[in-house]
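Participant: Take the sequence shown: its letter number 3 is residue 1272 in my numbering, and every next letter is one higher.
Below is one structure. I have some questions about it.
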Amino acid sequence: MSPKIAIVGAGPAGLALASILCRNGITPTVFEGDASPTARPQGGSLDLHPQTGQAALAACGLTDEFEKYVRYDGQDIVLSDKNGNRLFDIKNQETGRPEIDRVQLRRILLDSIPEGVIRWGQRLVSATQDTLRFQDGHTESGFDLIVGADGVWSKIRPLCCYVTPFYSGITGVEMTLQETSTKHPELSKAIGNGSFFAFASDDGRALQFQRNDNDTIKCYAYMRKPDNWPKISGIDWKDPESIRASLKPDYADWTPELSRVIDEFDGTAAPRPLYILPPILRWPSQKSVTIIGDAAHVMTPFAGEGVNMALADAMNLAKAIIAHPDDIAGAIHKSEVKMWDAAKGAASLAWENTLMRYEPGGLEKTAAKLATMMKK
């Protein structure tokens, strides 16, 4: 008899877990707070790695679908200072980390899951070891396994441990440029096909550009700011001119080749404070509850590992359940040990990269590190 499984959260981790289980004859229920798949933006581009993200999609049977949307030319990387001087510039080289847009990744995962498995508009407010309570007042219970794939502020995490995320010291402002080849040709040419990272490390500022599909570029203005800066700054986040007026002083001494994004972004922007969990985190395994993805090991994006770890968590947990459907506690522990070991290295790397990029001399250190990686 198949175990009764609840997955809280329809992000990459939750969807991949559901997809692999369904493909192997086990049908879970996914509870998602969003009203629909298009209820909110999904963010920018992701690079998927062979042994983690790509392996998980293969376990979902989605390699062919992945190949339809993947951008191998998105592996280009440029690293410059605030004046546009390029310290690192790699084009047309295979790194094993091709790019795919978040919205496309989510779409192919959603399409692989049978209708009725995902229950939209189910916002969780609290949970016990076998019961979920939702915002509309109803409860769901009787599960053999509850999986928290519900992100940074997971409602399931307290059932495993009481460690909470803490602020990394860095906040980003996400901006978007659309129809870049015609509306923003100068920026489009400068950014190229992949990712462009510009740092003023001595001042704790950066501009990160990502080429996305559909002639779109995402830009993130990362800065050392207090965690409450989005609220105390006085910025009206619905008013483009208020956002521009606030950002311009921070980038006044940058080359216009890059800082022009502040004038040219499409009018919508959002603050992105970066939170993390301790890079080395574990807890006593529970018999019927576990957490995966950002709920278990949220990290900064500066190692490109977050979504890859999340997808690998889903793959490893699914494989453990499929191999031992009558021993859920054993499956939980087996997958958690593997997750802790992998996340320890990935989260530590992300944290070290965060410290390095936003400290004096960080630009040169980052360029040297990238050069060493490419040689390997």
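Where a beta carbon is used, it is the ideal one built from N, C-alpha and C, also for glycine.
(1) Is Ala-1539 near the ligand FAD, judged by its Cβ being under 8 Å from some heavy atom?
(2) Run through the DSSP bridge pairs and tell me what Cys-1488 is partnered with.
(3) Cutting at 6 Å between CB atoms, please list the residues of its own chain near Gly-1599, excluding the five before and the five after it.
(4) If you drop the 5 nearest sequence neighbours on each side, which residues of the same chain put their C-beta closer than 6 Å to that of Glu-1448?
(5) Among Phe-1468, Thr-1364, Lys-1360, Asn-1293, which residue has its Cα nearest to the Cα of Pro-1629?
(6) Closer than 8 Å by C-beta to Gly-1461: which residues in its own chain qualify, once you throw out the five before and the five after it? Chain order, please.
(7) Could you check whether Glu-1533 and Leu-1446 sit closer than 9 Å to each other, using their CB atoms as the reference points?
(8) Taking three-plus beta-carbon pairs below 8 Å as touching, is the stretch 1412 to 1425 in contact with the stretch 1387 to 1403?
(9) Who are the Cβ neighbours of Leu-1379 in its own chain at under 7 Å, not counting the five residues just before and after it?
(10) I'd like the ranges of any beta strand (DSSP E) spanning at least 3 consecutive residues and lying wholly in the stretch 1287 to 1314.
(11) Could you check where the beta strand (DSSP E) with Thr-1559 kicks off and where it finishes?
(12) Does the beta carbon of Asn-1497 come closer than 9 Å to any beta carbon on chain B?
(13) Quick test of your reading: Ala-1564 and Asp-1419, contact by CB under 8 Å. State the CB separation rounded to the nearest angstrom.
(14) With distance defined between alpha-carbon atoms, name the residue in Asp-1333, Met-1625, Arg-1551 nearest to Ala-1572.
(15) Report the rounded CA-to-CA distance for Cys-1429 versus Trp-1552, giving the unit in angstroms.
(16) Using three-state DSSP, classify Ser-1350 as helix, strand or coil.
(17) Within 10 angstroms of its Cβ, does Arg-1355 collect 16 or more other Cβ (buried), or is it exposed?
(18) In whole angstroms, what separates the C-alpha of Ala-1282 from that of Met-1492?
(19) Taking the alpha-carbon positions, what's the Ile-1531 to Gln-1477 distance?
(20) List the residues that DSSP assigns as beta-bridge partners of Pro-1540.
(21) Quick check for students: name the residue ranges of the beta strand (DSSP E) that lie wholly in the stretch 1416 to 1471, counting only runs of 3 or more.
(22) Would you tell me roughly how many angstroms separate the C-alpha atoms of Trp-1498 and Ala-1538, rounded to the nearest one?
(23) Of the residues Leu-1326, Ala-1324, Val-1277, Ser-1314, which one's Cα is nearest the Cα of Asp-1303?
(24) Going by the beta-carbon positions, is the gap between Ile-1382 and Ala-1287 smaller than 9 Å?
(25) Return the Cβ separation of Pro-1540 and Thr-1440 in integer angstroms, given the expectation that the two are a contact with Cβ distance under 8 Å.
(26) Starting from the C-beta of Ser-1395, find all residues in its chain whose C-beta is less than 7 Å away, skip the five residues before and the five after it, and write them out in chain order.
(27) In angstroms, rounded to a whole number, what distance separates the CA positions of Pro-1427 and Gly-1365?
(28) Name the residue from Ile-1295, His-1602, Ser-1349 whose alpha carbon lies nearest to the alpha carbon of Ile-1561.
(29) So, using beta-carbon positions, are Arg-1340 and Asp-1482 closer together than 9 Å?
(30) Run through DSSP, which three-state label would Ile-1369 get?
(31) Run the CB neighbour count on Pro-1297, radius 10 Å, all protein chains shown included, and call it buried at 16 or more, exposed below.
Facilitator: Straight from the coordinates:
(1) The ligand FAD is not part of this structure, which contains no ligands at all.
(2) Met-1444, Phe-1478
(3) His-1593
(4) Asp-1484
(5) Phe-1468
(6) Asp-1345, Val-1347, Lys-1360, Arg-1480
(7) yes
(8) yes
(9) Leu-1284, Pro-1306
(10) 1298 to 1300
(11) 1558 to 1560
(12) Within the model displayed, chain B is absent; a lone protein chain is all it includes.
(13) 6 Å
(14) Met-1625
(15) 6 Å
(16) Contrary to the premise, residue 1350 reads as Asp rather than Ser in this sequence. Strand.
(17) exposed
(18) 28 Å
(19) 12 Å
(20) Val-1442
(21) 1435 to 1446, 1464 to 1469
(22) 15 Å
(23) Val-1277
(24) yes
(25) 6 Å
(26) Arg-1402, Lys-1424
(27) 36 Å
(28) His-1602
(29) yes
(30) strand
(31) buried
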